[in-house]
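Following: one structure in structure tokens, then a few remarks.
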Amino acid sequence: MPTASIIILSILVLFMIVTVASFFVRKNKKLNIVVLLLHVLVFSVLFVASSIFWTKDLAVDVNSIQDLKFGWPIYFEVQNQDRFDPPFPYVMNRAWEVPTTYVFKNFIMDVTVVFFFISIIYFLFLFLKKLK
1 MPTASIIILS ILVLFMIVTV ASFFVRKNKK LNIVVLLLHV LVFSVLFVAS SIFWTKDLAV
61 DVNSIQDLKF GWPIYFEVQN QDRFDPPFPY VMNRAWEVPT TYVFKNFIMD VTVVFFFISI
121 IYFLFLFLKK LK
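Counting from 1, position 68 in the sequence shown corresponds to residue 68 in this note's numbering; the numbering is continuous, with no gaps.
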């Protein structure tokens with residue numbers, strides 16, 4: 001992974017840690033659902049944005065290297081890396097300075113999926129904690 005990718009991924013991870021920590025280290029310990037959901041939303045955006053740096057795509061031929069998809073859980077970045085000539089099949093990482101297209105609809109869907117997943121897990125945890 002290029003140094004710039006590591007730096008950007010490290011910054012995103014640091015922001016995710018600060019987001020989680022800021023929720024737990026607040027003055028008012030009363031659960032404010034709006035603040036909680038805002039923290040979960042910010043964390044979801046940062047997590048999804050960081051996914052382009054740790055997802056990979058498999059290039060099996062010259063045609064597939066022109067349409068590499070990155071992002072998780074649904075791809076939202078498409079790159080044309082046909083200037084590279086790897087041996088096929090080859091697992092490709094995100095590259096810098098290649099033609100890149102972003103599918104913002106998929107990005108919003110990713111954030112929504114991660115947001116609801118984290119929210120459901122958290123509220124299930126609270127529900128199970130109340131049962132004890």
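Ideal placement from N, C-alpha and C gives every residue a C-beta, glycine not left out.
Here the alpha carbon of residue 102 sits roughly 23 angstroms from the alpha carbon of residue 117. Residue 97 and residue 36 have their C-alpha atoms spaced approximately 38 angstroms apart. Rounded to the nearest whole angstrom, the CA to CA distance from residue 21 to residue 11 is 15 angstroms.
DSSP places residue 129 in the helix class (H, G or I) of the three-state scheme.
Annotation: residue 86 to residue 108 spans about 32 angstroms, alpha carbon to alpha carbon.
Residue 46 holds the alpha-carbon nearest to the alpha-carbon of residue 71 among 46, 83, 38, 89. Within a 10 Å sphere around the beta-carbon of residue 76 sit 16 or more other beta-carbons, which makes this residue buried. For residue 88, same chain residues with a beta-carbon under 7 angstroms away, outside a window of 5 residues either side, are 59, 60, 61 in chain order. In the DSSP annotation of this structure, the continuous segment of the beta strand (DSSP E) that includes residue 70 starts and ends at 68 to 70. Of the candidates 7, 123, 53, 106, the residue whose Cα lies closest to the Cα of residue 93 is 53. If you draw a straight line from the Cα of residue 91 to the Cα of residue 57, it comes to about 6 angstroms. Straight through space, the alpha carbons of residue 55 and residue 121 are spaced by roughly 24 angstroms.
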